[in-house]
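Colleague:
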Amino acid sequence: MGCCYSRIEREEMVARCKARKRYMKQFVKARQAFAASHSMYLRSLRSTGSALLQFATAETNLYLHQHHQNHHLPPLVPTPPHRPLTPSPQPPPRPPPMSPSSETWTTSTTASSALPPPPPPPPPQLSSWDFWDPFMPSSSRLVTEEEWEARTLTSEAAVTTTAASTAAPPSAMSVFSKDTAKSELAVVVSTKTKDLVEIMKELDEYFQNAADAGGQLSLLLEVPSSTFSGQRPQGKVCGQGKNLTPLLWTWGSNPKLGRFGKFGDDMVGGNFALKNGSHGSTVERLNAWEKKLYLEVKNAETLKMEHEKRVAQLRRLEMKRADYMKTEKTKKEVEKLESRMMVASQGIEATSAEIVKLRELELYPQLVELVKGLMCMWRSMYECHQVQTHIVQQLKYLDTFPSFNPTSEIHRQSTLQLEVEVQQWHLSFCNLVKAQRDYIQSLTGWLRLSLFQFGNGQLSKTKQDSAIYSLCEEWQLAVDNAPDKVASEGIKAFLTVIHAIVVQQAEEQKQKKRSESVFKELEKKVVELRSLECKYGPYASSSGGKDPVTEKRAKVEILRAKAEDERAKHEKLVSVTRAMTLNNLQMGLPHVFQAVTGFANVWTHAFETVYSQAKSTDEVHDVKRLLP
């Protein structure tokens with residue numbers, strides 16, 4: 001039996017169906033992973049925007065509420081009035097500026113004596129508004145900061161005339177208008193100086209818009225509505241009891257229309273009538289039919305082998321002119337097997353027809369819609385990230401944060417949360433690309449084995465004539481050629497500079513504790529000195545000629561100098577933290593948005609090509625069907 005089973009499994013038809021079944025099983029899992037990774041990526045976009053805004057708010061609050069912070073160092077213990085001491089030294093001079101030519105961020109951002117270079121002068125104020133075209137060339141090359149400057153300055157001459165003819169400039173941050181003739185997006189971006197929170201609010205808005213852009217695709221992938229809701233995350237600080245969005249949050253269940261992601265009129269209370277049927281249901285049914293087909297083909301091959309065996313036996317009996325009854329019995333067994341083989345063949349043809357029907361009438365239209373959804377989503381994300389790339393250029397005009405505002409606990413928590421969210425953004429991006437790659441590879445693998453007739457083993461269609469196969473081949477090519485490593489490394493590099501801030505804040509907190517400890521010890525020694533002075537007077541000579549008051553006073557002076565030194569070190573670290581924070585944002589944010597903008601640009605054009613070819617193929621087949 002074992003040998004027979006192995007032989008059946010090795011039969012070409014059975015082996016092919018087994019491979020088909022395996023690919024379809026992988027496809028089922030890949031579809032689920034694709035939907036989950038898509039949902040997580042949209043969530044990570046929202047969370048990153050909210051975390052950036054919270055981080056900026058906490059950073060700004062350091063100097064807006066300077067006098068209300070409860071974490072300032074205690075003042076120096078006052079000197080006894082009858083014995084003047086050296087006055088406290090002035091705060092140390094500002095360390096030299098950070099060199100912009102440092103080879104790496106970590107070297108340049110963690111140096112304890114580094115400060116950022118002074119901000120460059122603002123551009124000529126020809127107008128308070130820039131009309132700026134966010135569409136990049138079709139190549140994936142990233143735009144340099146120099147090119148942004150050149151593009152902005154070139155458009156300023158036109159801005160002067162346009163702005164002069166306008167009664168009042170728009171009050172919003174940006175105004176979008178669609179030119180249907182050129183199919184391009186004209187963006188009007190305010191060039192007035194903004195503070196850090198205002199800049200981060202704008203970035204957060206476009207993070208939310210980018211996440212909204214994936215709403216339609218979420219419906220096609222059948223992601224639960226609660227996971228792609230347009231609502232902002234809300235929550236509280238862990239263990240702090242104060243509002244800090246979004247350290248912890250829960251997601252709403254009601255979908256919300258976004259600027260870019262239109263859920264459509266069919267979306268009511270989370271229910272959506274899918275135009276071409278449920279993709280998940282189609283894939284699950286295909287999986288069930290493939291399992292059935294495998295069993296049927298395997299059974300047919302078993303019958304075929306048994307038939308061959310009985311036919312050979314019948315020939316031997318006829319050649320030997322064996323007993324008539326035995327020969328007739330064998331003939332009937334052969335006829336019975338032939339009848340069962342015919343039924344099995346009909347079953348295989350029926351199952352194959354169902355698979356073809358699902359593949360052509362449901363799966364293919366769903367795939368075309370998915371490609372269209374991907375094209376629209378990445379086009380909108382490209383537009384959002386392109387605007388964000390322009391927004392973060394305003395960071396270079398920000399002044400350095402005040403130098404002596406220590407990092408608060410609430411700000412340290414917001415920085416840690418930002419690091420977590422950027423790390424999740426990086427992870428979810430990598431998972432999104434991998435999940436789509438697995439999805440299309442498993443689907444293409446299944447199609448390679450399924451486009452044939454079981455009756456004669458010939459291909460039912462050539463690959464060139466198969467619309468679904470051509471679509472998937474182009475789709476897989478687009479995914480395989482995606483510059484995802486550039487984008488993932490860009491997000492990872494931003495994570496590195498955020499981590500540098502986390503490390504610097506931890507060092508500042510450590511030095512703060514050292515300074516507080518020395519001041520507590522100084523306070524204790526001063527109390528002891530005052531006690532001695534009250535007992536012996538300002539000077540007291542012992543029998544040995546020693547003056548215990550003078551000795552205690554000398555020790556207090558030494559400890560006081562140490563306390564001053566520790567406080568100076570803390571103030572220096574505070575200054576470094578404030579400068580590093582702005583410097584890292586100025587370096588990290590433009591880089592990460594250029595990276596994700598370039599990726600979104602490439603995928604936008606790739607899916608546009610795939611979708612256009614699919615529509616062209618459909619039109620050709622429609623014409624062929626109309627011809628006599």
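Under the UniProt record's numbering, think of the first position of the sequence shown as 1, with each following residue one higher.
In this text, a Cβ means the ideal position worked out from N, Cα and C, and glycines have one as well.
#1: Which same chain residues, not among the five before or five after Q505, have their C-beta less than 7 Å away from its C-beta?
#2: If you reduce the DSSP assignment to three classes, tell me which class N405 lands in.
#3: With burial defined as no fewer than 16 other Cβ atoms inside 10 Å of the residue's Cβ, what is the status of G230: buried or exposed?
#4: With H, G and I counted as helix, E and B as strand and the rest as coil, what does DSSP make of L374?
#5: Around the Cβ of I199, are there at least 16 other Cβ atoms within 10 angstroms (buried) or fewer (exposed)?
#6: Inspect the beta-carbon positions of I348 and V297 and report whether they are closer than 8 Å.
#7: With a CB to CB cut of under 6 Å and the five nearest residues on each side skipped, what residues in its chain are close to A58?
#8: Do you know how far the Cα of L370 is from the Cα of Y469?
#9: Mapping the DSSP letters down to three states, classify A478 as helix, strand or coil.
#10: Could you check which residue in R20, L220 and E608 has the C-alpha nearest to that of E362?
#11: Since Q509 is in the alpha helix (DSSP H), which residue starts that stretch and which ends it?
#12: Could you give the C-beta distance for I501 and T581, rounded to a whole number, given that I count them as a contact under 8 Å?
#13: Would you mind reading off the limits of the alpha helix (DSSP H) that contains A322?
#14: Skipping 5 residues on each side, what residues in its chain have a beta carbon closer than 6 Å to that of Q424?
#15: Keeping to the same chain, check which residues put their C-beta closer than 7 Å to that of Q436; ignore five residues upstream and five downstream.
#16: If you draw a straight line from the alpha carbon of L529 to that of F55, how long is it in whole angstroms?
#17: Inspect the beta-carbon positions of L303 and A344 and report whether they are closer than 8 Å.
#18: Are the CB atoms of E508 and V574 nearer to each other than 8 Å?
#19: At a cut of 8 Å, does the segment 548–559 reach the segment 518–527 through at least three beta carbon pairs?
#20: Using only CA atoms, which one of A213, G277 and D204 lies nearest to E222?
#21: When the Cβ atoms of the segment 380–397 are set against those of the segment 23–32, are three or more pairs found closer than 8 Å?
#22: Who are the near neighbours of I391 in its chain, counting only those whose CB is closer than 7 Å to its CB and skipping five residues on each side?
#23: Give me the residue from L293, E306, N584 and A213 with the minimum Cα distance to L495.
#24: Which same chain residues, not among the five before or five after T327, have their C-beta less than 8 Å away from its C-beta?
#25: I'd like the list of long-range same chain contacts for L62, defined as Cβ closer than 6 Å, with 5 residues on each side in sequence excluded.
#26: Could you tell me if S442 is buried or exposed, where buried requires 16 or more neighbouring beta carbons within 10 angstroms of its beta carbon?
#27: Which whole-angstrom value describes the C-beta separation of E306 and M13, a residue pair presumed to lie in contact below a C-beta threshold of 8 Å?
#28: Starting from the N-terminal side, write out each stretch of the alpha helix (DSSP H) that is 4 residues or longer and does not extend beyond the UniProt domain "DUF630" (1–59).
#29: List the endpoints of the continuous alpha helix (DSSP H) containing Q216.
#30: Given this structure, state the Cα-to-Cα distance separating V197 from K492, to the nearest angstrom.
#31: Enumerate in chain order the residues of its own chain whose CB-to-CB distance from G445 is below 6 Å, with the five nearest sequence positions on each side excluded.
#32: In terms of alpha-carbon separation, which member of A467, K309, A312 and R20 lies closest to L295?
#33: With a threshold of 8 Å on Cβ separation, who are the neighbours of L532 within its own chain once the five nearest residues in sequence on each side are excluded?
#34: By Cβ distance, which residues of its chain are closer than 7 Å to M381, with the 5 residues on each side in sequence left out?
Modeller: On the basis of the data shown:
#1: Taking the first residue of the sequence shown as 1, we reach residue 505 at position 505. Closer than 7 Å at Cβ, skipping near neighbours: T407, R412, T415 and T577.
#2: Against the sequence shown, residue 405 aligns to sequence position 405. Three-state DSSP puts N405 in coil, outside helix and strand.
#3: Along the sequence shown, read from residue 1 onward, the residue named residue 230 stands at position 230. The predicted model places G230 with a pLDDT of 46, which falls under 50 and marks its position as unreliable; any figure quoted below should be read in that light. Buried: at least 16 other Cβ atoms inside 10 Å.
#4: For the purposes of this step, residue 374 is identified with residue 374 of the sequence shown, where counting begins at 1. In this structure, L374 counts as helix in the three-state DSSP scheme.
#5: Residue 199 sits at position 199 when you count from the first residue of the sequence shown. Under this definition I199 is a buried residue.
#6: Here residue 348 is taken as the residue at index 348 of the sequence shown, counted from 1. Here residue 297 is taken as the residue at index 297 of the sequence shown, counted from 1. The answer is yes: Cβ separation under 8 Å.
#7: Numbered from its first residue, the sequence shown carries residue 58 at position 58. Contacts found: I410, H411 and S414.
#8: Within the sequence shown, residue 469 is the residue found at index 469, counting from 1. Within the sequence shown, residue 370 is the residue found at index 370, counting from 1. Taking the straight line joining both Cα atoms gives about 15 Å.
#9: Here residue 478 refers to the residue found at position 478 when the sequence shown is read from its first residue. In this structure, A478 counts as helix in the three-state DSSP scheme.
#10: Numbered from its first residue, the sequence shown carries residue 362 at position 362. Of R20, L220 and E608, the residue nearest in Cα terms is L220.
#11: Here residue 509 is taken as the residue at index 509 of the sequence shown, counted from 1. Unbroken alpha helix (DSSP H) run through Q509: D484 to Y536.
#12: As a first step, residue 501 is located in the sequence shown; it is residue number 501 there, counting from the start. As a first step, residue 581 is located in the sequence shown; it is residue number 581 there, counting from the start. That belief holds up - the Cβ atoms of I501 and T581 are roughly 6 Å apart, short of 8 Å.
#13: Against the sequence shown, residue 322 aligns to sequence position 322. Premise fails: A322 is in no alpha helix (DSSP H) and is neither H nor E.
#14: Position 424 of the sequence shown holds residue 424. Result list for Q424: S44, in chain order.
#15: Locating residue 436 in the sequence shown gives position 436, counting from the first residue. Once the five neighbours on either side are set aside, the close Cβ partners of Q436 are F34 and V479.
#16: Along the sequence shown, one-based indexing puts residue 529 at 529. Along the sequence shown, one-based indexing puts residue 55 at 55. About 45 Å.
#17: Sequence index remark: in the sequence shown, residue 303 carries index 303 (1-based). Sequence index remark: in the sequence shown, residue 344 carries index 344 (1-based). In this structure, A344 lies closer than 8 Å to L303 by Cβ.
#18: Within the sequence shown, residue 508 is the residue found at index 508, counting from 1. Within the sequence shown, residue 574 is the residue found at index 574, counting from 1. Contact: yes.
#19: yes
#20: Taking the sequence shown and counting its residues from 1, the one referred to as residue 222 is at position 222. That would be G277, whose Cα lies nearest to the Cα of E222.
#21: no
#22: Mapped onto the sequence shown, residue 391 falls at position 391. Counting only Cβ-Cβ distances below 7 Å, and skipping sequence neighbours, we find I199, E202 and L203.
#23: Walking along the sequence shown from the start, residue 495 turns up at place 495. Of the candidates L293, E306, N584 and A213, the one whose C-alpha sits nearest the C-alpha of L495 is N584.
#24: By 1-based counting over the sequence shown, the position of residue 327 is 327. These residues qualify, in order along the chain: L314, L317 and E318.
#25: On the sequence shown, position 62 is the one that residue 62 refers to. These residues qualify, in order along the chain: N405.
#26: Here residue 442 refers to the residue found at position 442 of the sequence shown. Buried.
#27: For the purposes of this step, residue 306 is taken as the residue at position 306 of the sequence shown. For the purposes of this step, residue 13 is taken as the residue at position 13 of the sequence shown. 16 Å between Cβ atoms; not a contact.
#28: 2–10
#29: Taking the first residue of the sequence shown as 1, we reach residue 216 at position 216. G215 to L220 is the extent of the alpha helix (DSSP H) around Q216.
#30: Counting from one through the sequence shown, the residue named residue 197 turns up at place 197. Counting from one through the sequence shown, the residue named residue 492 turns up at place 492. The straight-line gap from Cα to Cα measures roughly 23 Å.
#31: The residue labelled residue 445 in the question sits at position 445 within the sequence shown. Taken in chain order, the residues that qualify are Y23.
#32: On the sequence shown, residue 295 is found 295 positions in, with the first residue counted as 1. The shortest Cα separation from L295 among A467, K309, A312 and R20 belongs to R20.
#33: For the purposes of this step, residue 532 is taken as the residue at position 532 of the sequence shown. Excluding positions up to five away in sequence, the list reads A540, P548, V549 and K552.
#34: Position 381 of the sequence shown, counting from 1, holds the residue named residue 381. Result list for M381: A210, A213 and A600, in chain order.
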